[in-house]
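Q: If you count by this note's numbering, then the sequence shown holds residues 45 to 614, one letter each, in order.
Idealized CB from N, CA, C, for every residue including glycine.
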Amino acid sequence: MSGAKILLECLAREGVDTIFGYPGGVTLPLYDAMYDNPIRHVLVRHEQNAAFAAQGYARSTGKVGVCCATSGPGATNLVTGLVDAMMDSIPVVALTGQVTAKLIGSDAFQEADTFGITRSATKHNYLVKNINELPQVIHEAFYIAASGRPGPVLVDVTKDVFQGNAHYTPVTSIHLPGYKVYTEGHTGQIRRAAQMMLEAERPMIYAGGGIVLSNASEELRELVELVDAPTVCTLMGLGSLPSEHPNFISLPGMHGSYAANMGMYNTDLIIALGVRFDDRVTGRLNAFAPHARIIHVDIDPAEISKIRNADLPIVGDLKRVLPKINAVLKELKTEAGDRTGLRAWWKQMREWKEEHPLKPVVSDTEIKPQHLMQEIDRLTQGKAIVTSDVGQHQMWAAQLIRFNEPRLWINSGGLGSMGFGLPSALGAQVANPDQLVVAICGDGGFQMSIPELATLVNFGLPVKVIVMNNGYLGMVRQWQELFYANRMSQVTLDSFPDVVQLAGAYGFKGRTVERPAELAEALQTAFSEPGPYLLNVRVSPTENVYPMVPAGGAINEMVLTPPQPAEIRK
């Protein structure tokens, strides 16, 4: 078989049904082999979007997403998407072409050191110059991408490997002596953790993307109910505990709710599950949870005590560890003492929630961004797949849209990549053809990904693209207003396309809505359309996201309302 056919055979054996990619000179042998292959190829309009689409596929299904690009600029265009997947621990395998092995180092046409460039952008990467190594490498790549803490793996293949011929022998085992994954957790630590949970008077469960990645939502729910602890879910963890669950508080951190942040500040025990104590959650670290002991459960030992020292660390897969903790909790709960402190803690949490709720702002004269999110939430009922771009709309969506299952909320968390919303929705829709997929974009991020409207049409993908259009790079403008004396520097987006003409040029429907009274009907029309739909929602231009923890502030030092002009820093 040719190297190209061997590669496709390996993909088929890994259960790959879709590749997001863009061909080029070096990958022509691979694309020629694809011509007769049943694996679906989705031709995106930019390689960066292939990586984002592969993430949308992976985040919505739990399977490994696959993207493909040619050598040189094709490969370098993938880098942002790979770093994004690395930051959010998303399993992606990127296949790139490389110039013929004998030309490497000669500055050949479209040559780049893809292996070197992506070393720090991936969990692991390979350069394949020998056709006999190709099957082993491909299967190792999928194993590494999906096991332990997931992440992106890149396989760079020279053109002569694609073109060469070799006898194909199926790979039956993976043996990586230097790569160890610890899944079970330490029995003694698990028992100690359960005891600490029942002894705590003010426990808080801090659940992150690791719950979603390990498919441990049911186990989390059981733990929450056994401990009866208030629970916050990070930006990556939303949906791991249903938003409708009585113990769910909200998102914590920079734009988290007052109750969530006050709870995290005043707790005496943080039960940290699949989180990395991101700076956007902790705020000023030396003021974060000053009274709390920390139980930290994570599959990646490198995360334990990296940011905040863990009083009780457990290294393991949450899907395996949480049932063990739950079993011990059930055993010990009959012996648990008086929990008066816990009742008082819940009384305080309820007071904080009532004092400053995450409440939509609605106006009769202009569409408020929060009103837009409220209407999307009302229509989707916590069941749609919602992707977002990066910025203010991302934070309002996280605050106000309910997610009652995992893998419904897809966004760029750690890297914060603008242009992520539309292509990730594309990937999610390919993976979930019968589900409503809504891409919420800002007018800035949307214009970074406009070419993928063509992909939606080409593949009949009924993604509903909702543009929250405030005429600014909103989050940057907010910071300039609050912390740079209102000196608006290069944040105004003066022009935006006529969406009726833009969508029409690609062959589907679009609409602009500006009046609050029209919003509900416009969204209902968009969601009812059988194909893709582009809805441009003009919102109040200078609305800010609150609560907000200023940079360098402690998590309990939230700005809750717009400051008066005299309060804006000079």
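Please report how far the alpha carbon of residue 51 lies from the alpha carbon of residue 202, in whole angstroms.
A: Roughly 12 Å between the two C-alpha positions.
Q: List in chain order: all unbroken alpha helix (DSSP H) runs of 4+ residues lying wholly within the stretch 235-308.
A: Complete alpha helix (DSSP H) runs here, min 4: 253-257, 261-271.
Q: CB residue 320 to CB residue 358, shorter than 8 Å?
A: Contact flag unset, no.
Q: Using only CA atoms, which one of 501, 93, 410, 445 lies nearest to residue 423?
A: With distances taken between Cα atoms, residue 423 lies closest to 445.
Q: Please classify residue 144: does DSSP put it in a helix, a strand, or coil?
A: Reduced to three states, the DSSP call for residue 144 is coil.
Q: Please classify residue 114: is it buried, with 16 or more other beta-carbons within 10 angstroms of its beta-carbon, or exposed?
A: Per the 10 Å Cβ criterion, buried.
Q: Counting along the chain, where does the beta strand (DSSP E) carrying residue 65 start and finish?
A: Where residue 65 is concerned, the enclosing beta strand (DSSP E) stretches over 62-65.
Q: Do residue 98 and residue 127 have their C-beta atoms within less than 8 Å of each other?
A: Their beta carbons are not under 8 Å apart, which means residue 98 does not touch residue 127 by this criterion.
Q: By Cβ distance below 7 Å, which residues in the same chain neighbour residue 102 in space, the five residues on each side in sequence not counted?
A: Cβ within range, chain order: 108, 109, 134, 135, 136.
Q: Put residue 600 into one of helix, strand or coil per three-state DSSP.
A: Here residue 600 sits in coil by DSSP.
Q: When the distance is taken between beta carbons, is residue 431 closer than 8 Å to residue 411?
A: For residue 411 and residue 431, no; Cβs fall outside 8 Å.
Q: Give the single residue among 178, 183, 465, 560 whose Cα lies nearest to the Cα of residue 208.
A: For the residues 178, 183, 465, 560, the minimum Cα distance to residue 208 belongs to 178.
Q: Are there 16 or more other CB atoms within 10 angstroms of the CB of residue 3, so buried, or fewer, so exposed?
A: No statement about residue 3 is possible, as the shown extent of the chain runs from 45 to 614 and does not include it.
Q: For residue 468, tell me which candidate among 120, 447, 47, 505 has the shortest Cα-Cα distance.
A: Among 120, 447, 47, 505, the Cα nearest to that of residue 468 is on 505.
Q: Closest to residue 312 by CA distance: which of 331, 336, 318 is it?
A: Checking every option, the nearest Cα to that of residue 312 belongs to 336.
Q: Could you tell me the boundaries of the alpha helix (DSSP H) in which residue 318 lies?
A: That residue, residue 318, is in no alpha helix (DSSP H); it is neither H nor E in DSSP.
Q: Take every Cβ of the stretch 368-385, pair it with every Cβ of the stretch 238-245, and state whether three or more of those distances are shorter than 8 Å.
A: Result yes; three or more Cβ-Cβ pairs closer than 8 Å.
Q: Decide yes or no for the touch test of the stretch 559-568 against the stretch 530-538: beta carbon pairs closer than 8 Å, at least 3 of them.
A: Judged by Cβ distances under 8 Å, the stretch 559-568 makes no contact with the stretch 530-538, as fewer than three pairs qualify.
Q: According to DSSP, is residue 328 part of a helix, a strand, or is it coil?
A: Coil at residue 328, not helix or strand.
Q: Under 8 Å Cβ to Cβ from residue 485, same chain only, skipping five residues before and after it: list those, please.
A: Only 432, 433, 437, 465, 466, 493, 509, 510, 511, 512 meet the Cβ criterion.
Q: Going by the beta-carbon positions, is the gap between residue 140 and residue 118 smaller than 8 Å?
A: The answer is yes: Cβ separation under 8 Å.
Q: Just verifying my parser: in three-state terms, what is the DSSP assignment at residue 434?
A: Of the three classes helix, strand and coil, the one that applies to residue 434 here is coil, per DSSP.
Q: Between residue 314 and residue 248, is the Cβ-Cβ spacing less than 8 Å?
A: Their beta carbons are under 8 Å apart, which means residue 314 touches residue 248 by this criterion.
Q: To the nearest whole angstrom, what separates the beta carbons of residue 246 and residue 385, a pair I think is in contact under 8 Å?
A: 7 Å between Cβ atoms; contact.
Q: Go through the stretch 378-457 residue by residue and report every complete run of the alpha helix (DSSP H) that reaches 4 residues or more, in order.
A: For the stretch 378-457, whole alpha helix (DSSP H) runs of length 4 or above, ordered along the chain, are 384-399, 413-424, 436-444.
Q: Contact check, residue 340 vs residue 563 under 8 Å by CB: the rounded distance?
A: No, residue 340 and residue 563 are not in contact; Cβ-Cβ is about 43 Å, not under 8 Å.
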